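Asks: Take a look at the following structure, please.
2 protein chains.
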Amino acid sequence: MLFTSLKTEQMQPMTEASAIQQNHRGDARICRGCWDQMHMPIPIRGPLALPFRAFGITRSKMNPNICTICERSFRYVKKQSHVAASATILFADIRGFTHLSERIERMRLSEIVSLFQDRCAQAIWAHDGIVNKTMGDGLMAIFNFPIIRKDHADAAIRAALDIQKHCADALGRLDFAGLGDAPLGVGVGIHSGEVEIGEFSTFRSDFTAIGGTVNLASRLESQAEAGEILISAETASEAGDLVSNAATRLLSLKGIDLPVEARVLATH
Amino acid sequence: MLFTSLKTEQMQPMTEASAIQQNHRGDARICRGCWDQMHMPIPIRGPLALPFRAFGITRSKMNPNICTICERSFRYVKKQSHVAASATILFADIRGFTHLSERIERMRLSEIVSLFQDRCAQAIWAHDGIVNKTMGDGLMAIFNFPIIRKDHADAAIRAALDIQKHCADALGRLDFAGLGDAPLGVGVGIHSGEVEIGEFSTFRSDFTAIGGTVNLASRLESQAEAGEILISAETASEAGDLVSNAATRLLSLKGIDLPVEARVLATH
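Chains A and B are the protein sequences, given in the same order. For the record, in the first sequence the residue sitting at position 17 is 17 according to the working numbering, with numbers rising by one throughout. Numbers in the working numbering are just positions in the second sequence, counted from 1, shifted up by 1000.
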C-alpha cells in the first residue's frame, strides 16, 4: 500500500511545470535528488514522510527539496565510495568582512553573517543547487548534484545574480555609522567541470566535492570585488546569453601556472 | 536509578589522570563538553548511553568525546543565541593542492584528502579541540569550546605539531611519480582571542565561530609554507616554552591594515 501511495505521489511532481513550481515554493513532496539520481520516490513532506522520518530520513539542511539519503546519494550508495560528476561550483563571501570584524561588535557581525547565509541559501535553492559548506562569512554551493540540471552553468549564474541582488538589499539596509566608507558587498566565483563527490574523512558523514574545479572556483571568488561575479571560460561557454555582455579579465591565480581568463558580471 | 548510575559514571572520569587517559584513548564515558559547560553528566558510551541515543543524543562527529547536545552547547541553550568565548582557532590546509589537483587523477586526490582529514582530526581530538569545519583540503578547529582547556593556546600548538608530524609521515609514503618536485605539505595558522559562537543561519543547525579572531587565523594559515605553523603574538604569549625558539616574521595580510607579527615553527 505504501508503495502504491508512493507511486501516486511520485507522478505529481514529475510534470515539469509542477516540479518547477513546487521547487520555487520550496515544498517538493518527494525528494528531487533521489528521483534524479536513482528514480526512487522518497516522500519528504506530508503524511507519507512520517514513517521515513522515524528512520532518520528527513529533509536536508543543504536544500529542503532533497532528503538526507541523497545528500550522500551516489550511484552506488556505499561508505567511502566516491563518484565523478560534472558540476558547477559556486563560492561566495562577504568582501571587507575581515576589515569589518576588527571594527564592529560581534553581535552585529552575527547579524550580517545570518543575513548573508540566509539570502544566499534562498537564491541557491531557487535554482536547484545545494549549500554544501558554510564557512563564517563564506559558502560553497554545488549545482547538478544531487538534483540534476543540464543547464547547471546557467542555474549557478542566475543564483549568483540573485545572491548579489538580495544581499545588496539586505546589507544596504544595515546601519554602520562610524565605519567610514568600508564597502560591504559580496564576491562570487563560478567554475564548471568534473569533480569528485564523496565523503573524504572516515570520522564524519560530511559529503563534499573536491578537485581542480573546486579550487579554481574558490580562487576566482577570492579575486572578485564587492558586487562582482567572476565566471570561468568553461562556465561562460555553457551559459550563453547571461554572459554575452560581460567584460573579460585576465587573472593570475595562486597555485595555477597560466593566467586564467574570466568573465566579469558587475552587479552594482 | 538512572540518576544514581549517572553519578557513578560521572565520578570516574573526573579524576584528572583518568580523564586525560580516557580522552587520549578517545573513549570518555560521559560527554566532556556537557560536563565542562553545564556540569551535566551525559553518557556517550556504554549501556547508559542507549536511552540517550534513542533521542538522537550521540557522540559528535567533531570530537568523539563530546555529544551532539554540546556540539551546540551554549550557556543558555536556545536557538539563534550566540555566546562570546575565549578560544584558540586553528586552520590547516594542504599546500600545493590546487597545483596538484590539475595534475593527478581524482581518485588519488580523494586518498590524499582522506589521509589529511583523518590525521588532523586525531591530532586535534588528542588535545581536546573540535574539528568544526572541513573544506576539501582544509579544516578549521576550535580549542576551549565546548571542552574547556585553560591552556588552549598551548593545546592548539601541540595539535599543530602533531598534524605536521603525522601528515608528513602519511603524505611522505604516497608515491607521486611524474609530478616533479611539487612540494606536498601542510600549512597551519593559529590565533587566540574572543570569538562569537553560535548558529548563524536559520536553515541549518551548524554551529561555528566567527569574528576577527577567526579571520586572522585563516589569513595566517594562508601565508604558511608547507611544514610551517604560523602563530599570532597573542597565542604565542600564552604558550610559553613551545615557541620560545621560534623565528619571527612580519606579514602583510589581506583585510588587515597594519602588518602582523607572527612566530614561525618550521617542522621540516
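Quick reminder that beta carbons are idealized off the backbone N, C-alpha and C, glycines included. Computed from a prediction, not measured in an experiment: that's the story for all the values here.
1. Output yes if chain B places a C-beta closer than 8 angstroms to the C-beta of Asn215 (chain A); else output no.
2. Name the two residues that bound the continuous beta strand (DSSP E) containing Asp1118 (chain B).
3. By the 10 Å Cβ neighbour count, where 16 or more other Cβ atoms means buried, how is Pro51 (chain A) classified, buried or exposed?
4. Between Phe1200 (chain B) and chain A, is any beta-carbon pair separated by less than 8 angstroms?
5. Rounded to the nearest angstrom, what separates Gly193 (chain A) and Ala217 (chain A) at their Cα positions?
6. Ordered along the chain, which non-local residues of its own chain (more than five positions away) have a Cβ less than 6 angstroms from that of Ile1229 (chain B)?
7. Using a 10 Å radius around the Cβ and a threshold of 16 neighbouring Cβ atoms, would you call Ser1110 (chain B) buried or exposed?
8. For Asp1093 (chain B), which of helix, strand or coil comes out of DSSP?
9. Just confirm the distance between the C-beta atoms of Ile1089 (chain B) and Ala1209 (chain B), as a whole number of angstroms; I'd bet it's less than 8 angstroms.
10. Just verifying my parser: in three-state terms, what is the DSSP assignment at Asn1215 (chain B)?
11. How far does the alpha helix (DSSP H) with Ile157 (chain A) in it reach, from first residue to last?
12. Pop quiz: Val1214 (chain B) and Val1243 (chain B) are said to be a contact at Cβ under 8 angstroms. What is the actual Cβ separation, rounded to whole angstroms?
13. Using a beta-carbon distance below 8 angstroms, is Gln52 (chain A) in contact with chain B?
14. I want to see whether chain A comes within less than 8 angstroms of Gly1227 (chain B), judged by CB atoms only; does it?
15. Excluding the 5 residues preceding and the 5 following Ile163 (chain A) in the sequence, name in chain order all residues of the same chain whose CB lies nearer than 7 angstroms to its CB.
16. Under a Cβ-count criterion, where at least 16 other Cβ atoms within 10 Å of its own Cβ denotes burial, should Gly1136 (chain B) be classed as buried or exposed?
17. Closer than 8 angstroms between beta carbons: that is the criterion. Which residues of the stretch 94 to 119 of chain A meet it against chain B?
18. Kindly say whether Thr134 (chain A), judged by its beta-carbon, lies nearer than 8 angstroms to any beta-carbon of chain B.
19. State the Cα-Cα distance for the pair Gly212 (chain A) and Met1062 (chain B), rounded to the nearest angstrom.
20. For Glu1196 (chain B), which residues in chain A fall below 8 angstroms Cβ to Cβ?
21. List the residues of chain A that Asp1206 (chain B) touches, going by C-beta distances under 8 angstroms, in chain order.
22. Taking Cβ positions only, does Ile69 (chain A) come closer than 8 angstroms to chain B?
23. Between B:Ser1060, B:Gly1046, B:Ile1256 and B:Gly1227, which has its C-alpha nearest Ala1168 (chain B)'s C-alpha?
24. Ordered along the chain, which non-local residues of its own chain (more than five positions away) have a Cβ less than 6 angstroms from that of Trp1125 (chain B)?
25. Let me see if you follow: with CB-CB separation under 8 angstroms, is Ala123 (chain A) close to chain B or not?
26. Short of 8 angstroms in beta carbon distance, which residues of its chain neighbour Leu220 (chain A), apart from the five on each side in sequence? Order them along the chain.
27. Taking Glu1194 (chain B) as part of the beta strand (DSSP E), name the residues at either end of that continuous run.
28. Is Phe55 (chain A) buried or exposed, if buried means 16 or more other CB atoms sit within 10 Å of its CB?
29. Chain A beta carbons: is any one of them nearer than 8 angstroms to that of His1082 (chain B)?
30. Using the C-alpha atoms, what's the distance from Ser1101 (chain B) back to His24 (chain A)?
31. Is it buried or exposed, Asn245 (chain A), if we count other Cβ atoms within 10 angstroms and call 16 or more buried?
32. Can the beta-carbon of Pro41 (chain A) be found closer than 8 angstroms to that of Trp35 (chain A)?
33. My output table needs one value for Arg1032 (chain B): the three-state DSSP class, helix, strand or coil.
34. Check whether the Cβ atoms of His39 (chain A) and Gly198 (chain A) sit closer than 8 angstroms, and answer yes or no.
35. Tell me which residue opens and which closes the alpha helix (DSSP H) that Arg53 (chain A) is part of.
36. Check Leu1242 (chain B) in the structure and name its three-state DSSP category.
Replies: Based on what the coordinates show:
1. As a first step, residue 215 (chain A) must be located in the first sequence, where it is residue number 215. It does: the Cβ of Asn215 (chain A) has a partner Cβ on chain B nearer than 8 angstroms.
2. Within the second sequence, numbered from 1, the residue matching residue 1118 (chain B) stands at position 118. First-last for Asp1118 (chain B): Arg1106 to Ala1126, but that is the alpha helix (DSSP H), not the beta strand (DSSP E).
3. Counted from its first residue, the first sequence places residue 51 (chain A) at position 51. Exposed is the call here.
4. For the purposes of this step, residue 1200 (chain B) is taken as residue 200 along the second sequence, with counting starting at 1. With 8 angstroms as the cut-off, Phe1200 (chain B) counts as an interface residue toward chain A.
5. To locate residue 193 (chain A), count along the first sequence from 1; it is residue 193. To locate residue 217 (chain A), count along the first sequence from 1; it is residue 217. Straight-line Cα distance between these residues: approximately 10 angstroms.
6. For this step, residue 1229 (chain B) is matched to residue 229 along the second sequence. Around Ile1229 (chain B): Ala1160, Val1188 and Leu1265.
7. In the second sequence, counting from the first residue as 1, residue 1110 (chain B) sits at position 110. So Ser1110 (chain B) ends up on the buried side.
8. Walking along the second sequence from the start, residue 1093 (chain B) turns up at place 93. Three-state DSSP puts Asp1093 (chain B) in a strand.
9. Start at 1 with the first residue of the second sequence, and residue 1089 (chain B) comes out as number 89. Start at 1 with the first residue of the second sequence, and residue 1209 (chain B) comes out as number 209. Yes, they are in contact, since the Cβ atoms of Ile1089 (chain B) and Ala1209 (chain B) sit about 6 angstroms apart, within 8 angstroms.
10. Here the question's residue 1215 (chain B) lines up with position 215 in the second sequence. Helix, per DSSP.
11. The count along the first sequence starts at 1 and reaches residue 157 (chain A) at position 157. That run of the alpha helix (DSSP H) goes His152 to Gly172.
12. As a working mapping, residue 1214 (chain B) is identified with position 214 in the second sequence. As a working mapping, residue 1243 (chain B) is identified with position 243 in the second sequence. Contact annotation, Val1214 (chain B) with Val1243 (chain B): C-beta distance approximately 21 angstroms; criterion of less than 8 angstroms not satisfied.
13. Locating residue 52 (chain A) in the first sequence gives position 52, where the first residue counts as 1. It is Phe, not Gln, that sits at residue 52 (chain A) in the sequence shown. Closer than 8 angstroms: no.
14. Along the second sequence, one-based indexing puts residue 1227 (chain B) at 227. Cβ-Cβ to chain A under 8 angstroms: no for Gly1227 (chain B).
15. To locate residue 163 (chain A), count along the first sequence from 1; it is residue 163. The answer, listed in chain order, is Ala92, Arg119, Cys120, Ala123, Val186 and Val188.
16. Indexing the second sequence from 1 puts residue 1136 (chain B) at position 136. Flag for Gly1136 (chain B) reads buried.
17. Hits within the stretch, in order: Gly96, Phe97, Thr98, His99, Ser101, Glu102, Arg106, Met107, Leu109, Ser110, Val113, Ser114, Gln117 and Asp118.
18. The count along the first sequence starts at 1 and reaches residue 134 (chain A) at position 134. Taking Cβ atoms only, chain B reaches closer than 8 angstroms to Thr134 (chain A), which makes this a yes.
19. Along the first sequence, one-based indexing puts residue 212 (chain A) at 212. Along the second sequence, one-based indexing puts residue 1062 (chain B) at 62. Their Cα atoms are separated by approximately 27 angstroms.
20. Here residue 1196 (chain B) refers to the residue found at position 196 of the second sequence. Neighbours of Glu1196 (chain B) in chain A, taken as residues at a C-beta separation under 8 angstroms, are given in chain order as Arg106, Met107, Leu109 and Ser110.
21. To locate residue 1206 (chain B), count along the second sequence from 1; it is residue 206. Those are Lys61 and Thr134, listed as they occur along chain A.
22. In the first sequence, counting from the first residue as 1, residue 69 (chain A) sits at position 69. By this cut-off, Ile69 (chain A) is not an interface position.
23. Here the question's residue 1168 (chain B) lines up with position 168 in the second sequence. Looking at the Cα atoms, B:Gly1227 is the closest of the given residues.
24. Taking the first residue of the second sequence as position 1, residue 1125 (chain B) is located at position 125. Closer than 6 angstroms at the Cβ level, and outside the excluded window around Trp1125 (chain B), lie Asn1063.
25. Here residue 123 (chain A) corresponds to residue number 123 of the first sequence, with the count starting at 1. No, Ala123 (chain A) does not count as interfacial toward chain B.
26. If you number the first sequence from 1, residue 220 (chain A) lands on position 220. Cβ neighbours of Leu220 (chain A) within its own chain (closer than 8 angstroms, five residues either side excluded): Phe91, Gly189, Ile190, His191, Leu230, Ile231, Ser232, Leu251, Leu253, Val260 and Ala262.
27. Here residue 1194 (chain B) refers to the residue found at position 194 of the second sequence. That run of the beta strand (DSSP E) goes Gly1185 to Gly1198.
28. Along the first sequence, read from residue 1 onward, the residue named residue 55 (chain A) stands at position 55. Exposed is the call here.
29. Here residue 1082 (chain B) corresponds to residue number 82 of the second sequence, with the count starting at 1. So yes, His1082 (chain B) belongs to the interface.
30. Position 24 of the first sequence holds residue 24 (chain A). Position 101 of the second sequence holds residue 1101 (chain B). Confidence at His24 (chain A) is low in this model, with a pLDDT of 44, below 50, so the placement of that residue should be treated as unreliable; the coordinate-derived value is given next. Near 36 angstroms, if we compare the C-alpha coordinates of Ser1101 (chain B) and His24 (chain A).
31. Here the question's residue 245 (chain A) lines up with position 245 in the first sequence. Asn245 (chain A) is exposed by the Cβ-count criterion.
32. Counting from 1 along the first sequence, the entry for residue 41 (chain A) is found at position 41. Counting from 1 along the first sequence, the entry for residue 35 (chain A) is found at position 35. In contact: Pro41 (chain A) and Trp35 (chain A) (Cβ atoms closer than 8 angstroms).
33. On the second sequence, position 32 is the one that residue 1032 (chain B) refers to. Note: Arg1032 (chain B) maps to helix in three-state DSSP.
34. Sequence index remark: in the first sequence, residue 39 (chain A) carries index 39 (1-based). Sequence index remark: in the first sequence, residue 198 (chain A) carries index 198 (1-based). Against a cut-off of 8 angstroms, the Cβ pair of Gly198 (chain A) and His39 (chain A) comes out as no contact.
35. Here residue 53 (chain A) corresponds to residue number 53 of the first sequence, with the count starting at 1. In the DSSP assignment, Arg53 (chain A) falls within the unbroken alpha helix (DSSP H) covering Ala49 to Ala54.
36. Locating residue 1242 (chain B) in the second sequence gives position 242, where the first residue counts as 1. Leu1242 (chain B): helix per DSSP, three-state reduction.
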